[in-house]
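**Q**
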Amino acid sequence: MSMDYVTSRLATEDGGPARLAYGGDYNPEQWPEEVWQEDVQLMREAGVNLVSVGIFSWALLEPAEGEYEFGWLDRVLDLLHANGIRVDLANATASPPPWFSHKYPQSLPVRADGVQLGYGSRQAFSANSPEYRRAAAALTQQIVDRYADHPAVVMWHVHNEYGCHNQPDYGGYSAAAFRVWLERRYKSLEGLNAAWGTAFWSQHYYSWEEVQPPRISGTWVNPTQQLDFARFSSDALLECYQAEAEIIRARSPHPVTTNFMGFNMGLQAPVDYWRWSRDMDIVSNDHYLIADDERNFQHLAMTADLTRGWAQGKPWLLMEHSTSAVNWQPRNVAKAPGEMLRNSLQHVARGSDGALFFQWRASRAGAEKYHSGMLPHAGTDSKVWREVVQLGKALQSIAEVVGSVVEGVQVAILHDTDARWASELDSHPSVDADALAETRRWHDAFYRAGITTDIRQSTDDLSGYRLVIAPMLYLVTDEGHANLEGFVRNGGDLVVTYFSGIVDENDAIRLAPAAGGGYPGAFLDLLGVRMEEFFPLRSGEQVQLDGYGTGSRWSELGRTTTAEALAVFTSGPVAGSPAVTRNKAGSGTAYYVATTLGTEGLDRLVQELAEGAGVEPVLPDLPPDVEAVRRSRDGQSWIFVLNHGADEAVVQVQGTELIGGTEANPLRVPGGGSAVVRLQSQPKDAA
Ligand code: GLA
315 MSMDYVTSRL
325 ATEDGGPARL
335 AYGGDYNPEQ
345 WPEEVWQEDV
355 QLMREAGVNL
365 VSVGIFSWAL
375 LEPAEGEYEF
385 GWLDRVLDLL
395 HANGIRVDLA
405 NATASPPPWF
415 SHKYPQSLPV
425 RADGVQLGYG
435 SRQAFSANSP
445 EYRRAAAALT
455 QQIVDRYADH
465 PAVVMWHVHN
475 EYGCHNQPDY
485 GGYSAAAFRV
495 WLERRYKSLE
505 GLNAAWGTAF
515 WSQHYYSWEE
525 VQPPRISGTW
535 VNPTQQLDFA
545 RFSSDALLEC
555 YQAEAEIIRA
565 RSPHPVTTNF
575 MGFNMGLQAP
585 VDYWRWSRDM
595 DIVSNDHYLI
605 ADDERNFQHL
615 AMTADLTRGW
625 AQGKPWLLME
635 HSTSAVNWQP
645 RNVAKAPGEM
655 LRNSLQHVAR
665 GSDGALFFQW
675 RASRAGAEKY
685 HSGMLPHAGT
695 DSKVWREVVQ
705 LGKALQSIAE
715 VVGSVVEGVQ
725 VAILHDTDAR
735 WASELDSHPS
745 VDADALAETR
755 RWHDAFYRAG
765 ITTDIRQSTD
775 DLSGYRLVIA
785 PMLYLVTDEG
795 HANLEGFVRN
805 GGDLVVTYFS
815 GIVDENDAIR
825 LAPAAGGGYP
835 GAFLDLLGVR
845 MEEFFPLRSG
855 EQVQLDGYGT
865 GSRWSELGRT
875 TTAEALAVFT
885 SGPVAGSPAV
895 TRNKAGSGTA
905 YYVATTLGTE
915 GLDRLVQELA
925 EGAGVEPVLP
935 DLPPDVEAVR
945 RSRDGQSWIF
955 VLNHGADEAV
965 VQVQGTELIG
975 GTEANPLRVP
985 GGGSAVVRLQ
995 SQPKDAA
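Here's what the structure looks like:
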């Protein structure tokens, strides 16, 4: 099942072609019923065709245990259907009602410090609470039985942003389930003791009952215990999803999804989306701009590329973003004119078959009343509403891109969940060794070069790529390592950065006695270097290289074995040690970068890497701050051009610009503007 299923059900009322999904979370229960009429009328005016309903409706749908009240939801779905608006129906399990938490206080989650969380917000449950699982399954069954055949429903929205607020849970239910999970993984206590390295600090376990979640202790808790707990916590939530999805699938043919949270999948909210995406009929994601990030459109691009990776390159769905400000940052910066359209088209450019928002109508009460909506407090005489109508029209004018894909991408950046989690464990050489930040630096560099990148994991089939970047792949499994080695030996170019290949899947150092010891253990032979000691740099410290400018955050003492040094450190604690190296292996090349390069040096290296691997930008000579991404289907291509800069951009591309309905030759895009060009002729084989 794919996005095609949904988009084909979004065909126009007169049976016209498939459409891009447009709409958002619709929470009519927050408003008196007379407002609903205005809602649907305005949705039609804006071109809304898909809304997510019922996400936080549990308390109204089940006012007391086992007593259900569906009358209001019946009327909402009938009204939407009568107005041609399709529904992504939630099973409403994201926020157990107060009666539930009051009746089953043992279901509430517990923090690492032992504090049990109260209710009164949302997601107040432990994934391992049998009371929660039973109640969530019962509610799901009721909803699917009632609405499986409702003509408005085209997809199912299970829960909401799993793990956003209640992950991980360190309570008694999770402790018991953790032990079961560990027994399954290690079979015996000997296995667990070996994997966790419990000889250190007298941590040997003699019975399963002694094993606990990694609750706060006097100092650092066993890192492998922490890593396993993250894996377990993700699996526990996934079991909740799977159980609810199974109930739905038994009764309904419509696709089932849950909305992911992009890169917010770190150790603090561990959800392994690579693993989870296999259980999605459609991968869907939420993305919000961070106001403090001055180039947050690049964060958007990186997140969209990651989501496309989870979707294995197929179209996916932007389930939520915001029309303007959010409410949860220190300073909630509103969007500039044109920014919302640009953001939406950026997601579509990178593979989303639609643009949905949180939420339809801005709330008048509750914790999110300062969050923007499609219909703001100011009503229809407002910048936001006018842009919502404009976006609806724009999505209609580019509807022909539905089902097309971002194909022929030649560069992959790796972002393994285990590597990310392990890199975030405590007591490491430097807080500046930050996998997410290093990944962003590399993605930014390719973005500046106008080269589209996929984001994948080390165990994926990488054979279609010419160039693979492994930014801080701190933990690498044997399987991932073998895959990368094979990729290079078969002719691929691989870049490995510092603090990669250091530990195995149990977070134990990969000692490499055969290679004479040293770092980066897993990649010593492939890279042809042997590093012996890390020399993290002081905060703000920069060191010179004799090529590629400066380095910061990290350096290391070592030498090349079979590699050629493209640059060495010429200042700082390891002057003379290699900083950037290249090694031939099989018919490919493996590069090592032993520091964080400055922007200029990184850009130069990326240019050389691209030239060396025969990778080309989507369009040549793009002006700065202008983004171009290509989607294609059946020999037809469309180029999305997003101008994030203030000045008009002139872009050499010929074809029909679909939003304005003009012929482009060349294309002129005003500062802050967006364009989508149906290409007349195919450009060179570039992605
Ligand atoms: C998340 C949630 C929504 C809402 C928004 C606010 O994406 O899924 O319910 O809270 O954040 O930005």
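According to this note's numbering, the sequence shown is numbered sequentially starting from 315. Don't be surprised by glycine CBs; every beta carbon is placed ideally from N, CA and C. On a predicted model such as this, the values are computed, not experimentally measured, just so you know.
Between which two residues does the beta strand (DSSP E) carrying Asn957 extend?
**A** For the purposes of this step, residue 957 is identified with residue 643 of the sequence shown, where counting begins at 1. Looking at the DSSP string, the run of the beta strand (DSSP E) that includes Asn957 is Gln950 to Asn957.
**Q** Which one or two residues does DSSP pair with Leu324 in a beta bridge?
**A** For the purposes of this step, residue 324 is taken as residue 10 along the sequence shown, with counting starting at 1. None; Leu324 has no bridge partner.
**Q** Could you give the DSSP three-state label for Glu381: helix, strand or coil?
**A** Along the sequence shown, one-based indexing puts residue 381 at 67. Strand.
**Q** Could you check how far apart the C-beta atoms of Phe944 and Val720 are, in whole angstroms? I think they sit under 8 angstroms.
**A** In the sequence shown, the residue the question calls residue 944 occupies position 630. In the sequence shown, the residue the question calls residue 720 occupies position 406. The identity of residue 944 in the sequence shown is Arg, whereas the question assumes Phe. Yes, they are in contact, since the Cβ atoms of Arg944 and Val720 sit about 7 angstroms apart, within 8 angstroms.
**Q** Please name the residue or residues paired with Glu343 in a DSSP beta bridge.
**A** For the purposes of this step, residue 343 is identified with residue 29 of the sequence shown, where counting begins at 1. Paired residues: none, contrary to the question.
**Q** Using a Cβ-Cβ cut-off of 6 angstroms (strictly less than) and excluding sequence neighbours within five positions of Ser443, which residues of its own chain qualify?
**A** Counting from one through the sequence shown, the residue named residue 443 turns up at place 129. Hits under 6 angstroms: Ser421 and Tyr487.
**Q** Can you give the beta carbon distance from Val458 to Ile562, rounded, assuming they're within the 8 angstroms contact cut?
**A** Counting from one through the sequence shown, the residue named residue 458 turns up at place 144. Counting from one through the sequence shown, the residue named residue 562 turns up at place 248. Indeed they touch by this definition, with Cβ atoms about 5 angstroms apart.
**Q** Would you kindly check if the distance between the Cβ of Thr909 and the Cβ of Asp807 is under 8 angstroms?
**A** If you number the sequence shown from 1, residue 807 lands on position 493. If you number the sequence shown from 1, residue 909 lands on position 595. Going by C-beta atoms, Asp807 is not nearer than 8 angstroms to Thr909.
**Q** Assuming Thr753 and Glu558 make a contact with CB atoms under 8 angstroms, what is their CB distance in whole Å?
**A** The sequence position of residue 753 within the sequence shown is 439, counting from 1. The sequence position of residue 558 within the sequence shown is 244, counting from 1. The pair is not a contact, with the Cβ atoms about 32 angstroms apart (cut-off 8 angstroms).
**Q** Any heavy atom of ligand 1 inside 7 angstroms of the beta-carbon of Phe574?
**A** For the purposes of this step, residue 574 is taken as the residue at position 260 of the sequence shown. Checking the Cβ of Phe574 against ligand 1 gives no.
**Q** To the nearest angstrom, report how far apart His307 and Asn397 are at their CA atoms.
**A** No answer is possible for residue 307: it lies beyond the span of the chain, which begins at 315 and ends at 1001.
**Q** My guess is that Leu431 and Pro423 are in contact by the Cβ rule of under 8 angstroms, so how many angstroms apart are they, rounded?
**A** As a working mapping, residue 431 is identified with position 117 in the sequence shown. As a working mapping, residue 423 is identified with position 109 in the sequence shown. Right, their Cβ atoms sit about 5 angstroms apart.
**Q** Please report the residue range of the beta strand (DSSP E) in which Leu781 lies.
**A** Within the sequence shown, numbered from 1, the residue matching residue 781 stands at position 467. Here the beta strand (DSSP E) through Leu781 covers Leu781 to Ala784.
**Q** Does the beta-carbon distance from Phe954 to Ala663 come in below 8 angstroms?
**A** Numbered from its first residue, the sequence shown carries residue 954 at position 640. Numbered from its first residue, the sequence shown carries residue 663 at position 349. Yes, the pair counts as a contact, with Cβ atoms nearer than the cut-off.
**Q** Please name the residue in His958, Leu936 and Thr970 whose C-alpha comes closest to that of Gln950.
**A** As a first step, residue 950 must be located in the sequence shown, where it is residue number 636. With distances taken between Cα atoms, Gln950 lies closest to Thr970.
**Q** Is the beta carbon of Leu919 closer than 8 angstroms to that of Val882?
**A** In the sequence shown, the residue the question calls residue 882 occupies position 568. In the sequence shown, the residue the question calls residue 919 occupies position 605. Not a contact, by the Cβ cut-off of 8 angstroms.
**Q** Identify every residue that forms a DSSP beta bridge with Trp630.
**A** For this step, residue 630 is matched to residue 316 along the sequence shown. Ser666.
**Q** First and last residue of the alpha helix (DSSP H) that includes Pro892?
**A** Residue 892 sits at position 578 when you count from the first residue of the sequence shown. Pro892 -> not in any alpha helix (DSSP H); beta strand (DSSP E) instead, spanning Pro892 to Ala899.
**Q** Does the Cβ of Val990 have 16 or more other Cβ atoms within 10 Å, making it buried, or fewer, making it exposed?
**A** Here residue 990 is taken as the residue at index 676 of the sequence shown, counted from 1. The residue in question, Val990, is buried, as its Cβ has 16 or more Cβ neighbours within 10 Å.
**Q** Enumerate, from N- to C-terminal direction, the unbroken alpha helix (DSSP H) stretches of 4 or more residues contained entirely within the stretch 441-492.
**A** With a minimum length of 4 residues, the continuous alpha helix (DSSP H) runs that stay inside the stretch 441-492 are 444-461.
**Q** So the alpha helix (DSSP H) Ser316 belongs to, where does it begin and stop?
**A** The sequence position of residue 316 within the sequence shown is 2, counting from 1. Careful: Ser316 lies outside any alpha helix (DSSP H) and carries neither H nor E.
**Q** In the structure shown, what three-state DSSP assignment does Ile399 receive?
**A** Walking along the sequence shown from the start, residue 399 turns up at place 85. Coil, per DSSP.
**Q** With the cut-off set at 8 angstroms, would you say Thr767 and Val723 are in Cβ contact?
**A** One-based indexing of the sequence shown puts residue 767 at position 453. One-based indexing of the sequence shown puts residue 723 at position 409. For Thr767 and Val723, yes; Cβs fall inside 8 angstroms.
**Q** Helix, strand or coil: which one does DSSP assign to Thr970?
**A** As a position in the sequence shown, residue 970 is number 656, starting the count at 1. Strand, per DSSP.
**Q** Return yes when at least one heavy atom of ligand 1 lies under 7 angstroms from the C-beta of Asn405, else no.
**A** The residue you call residue 405 lines up with position 91 of the sequence shown. No - ligand 1 has no heavy atom lying nearer than 7 angstroms to the Cβ of Asn405.
**Q** Secondary structure at Arg622, three-state DSSP: helix, strand or coil?
**A** To locate residue 622, count along the sequence shown from 1; it is residue 308. Residue state, collapsed to three classes: helix.
**Q** Kindly examine ligand 1 and report whether one of its heavy atoms sits closer than 7 angstroms to the Cβ of Trp699.
**A** The residue labelled residue 699 in the question sits at position 385 within the sequence shown. The answer is no for Trp699.
**Q** Hey, could you find the ends of the alpha helix (DSSP H) Ile561 is sitting in?
**A** Taking the sequence shown and counting its residues from 1, the one referred to as residue 561 is at position 247. Here the alpha helix (DSSP H) through Ile561 covers Pro537 to Arg563.
**Q** Please tell me whether, using a cut-off of 7 angstroms, the distance from the CB of Trp642 to the nearest non-hydrogen atom of ligand 1 is below it.
**A** Numbered from 1 along the sequence shown, position 328 holds the residue referred to as residue 642. Yes.
**Q** Quick one: using the 10 Å Cβ neighbour count with 16 as the cut-off for buried, is Pro412 buried or exposed?
**A** Locating residue 412 in the sequence shown gives position 98, counting from the first residue. So Pro412 counts as exposed.
**Q** Could you tell me which of Pro934, Glu327 and Leu709 sits nearest to Gly764, measuring between CA atoms?
**A** Taking the first residue of the sequence shown as 1, we reach residue 764 at position 450. It is Pro934.
**Q** Would Gly985 be called buried (16 or more neighbouring beta carbons within 10 Å of its own) or exposed?
**A** Translated into positions along the sequence shown, residue 985 becomes position 671. By the 10 Å Cβ count, Gly985 comes out exposed.
**Q** Does DSSP put Ala726 in a helix, in a strand, or in coil?
**A** Translated into positions along the sequence shown, residue 726 becomes position 412. Strand at Ala726.
**Q** Is the beta carbon of Gly912 sitting closer than 8 angstroms to the one on Thr876?
**A** Mapped onto the sequence shown, residue 912 falls at position 598. Mapped onto the sequence shown, residue 876 falls at position 562. Going by C-beta atoms, Gly912 is not nearer than 8 angstroms to Thr876.
**Q** When the distance is taken between beta carbons, is Asn641 closer than 8 angstroms to Glu701?
**A** Residue numbering aside, residue 701 sits at position 387 when the sequence shown is read from its first letter. Residue numbering aside, residue 641 sits at position 327 when the sequence shown is read from its first letter. Taking 8 angstroms as the Cβ cut-off, Glu701 and Asn641 do not qualify as a contacting pair.
**Q** Give the secondary structure of Tyr906 by DSSP, where H, G and I count as helix, E and B as strand, and everything else as coil.
**A** What you label residue 906 is simply residue 592 of the sequence shown in a count that begins at 1. Reduced to three states, the DSSP call for Tyr906 is strand.
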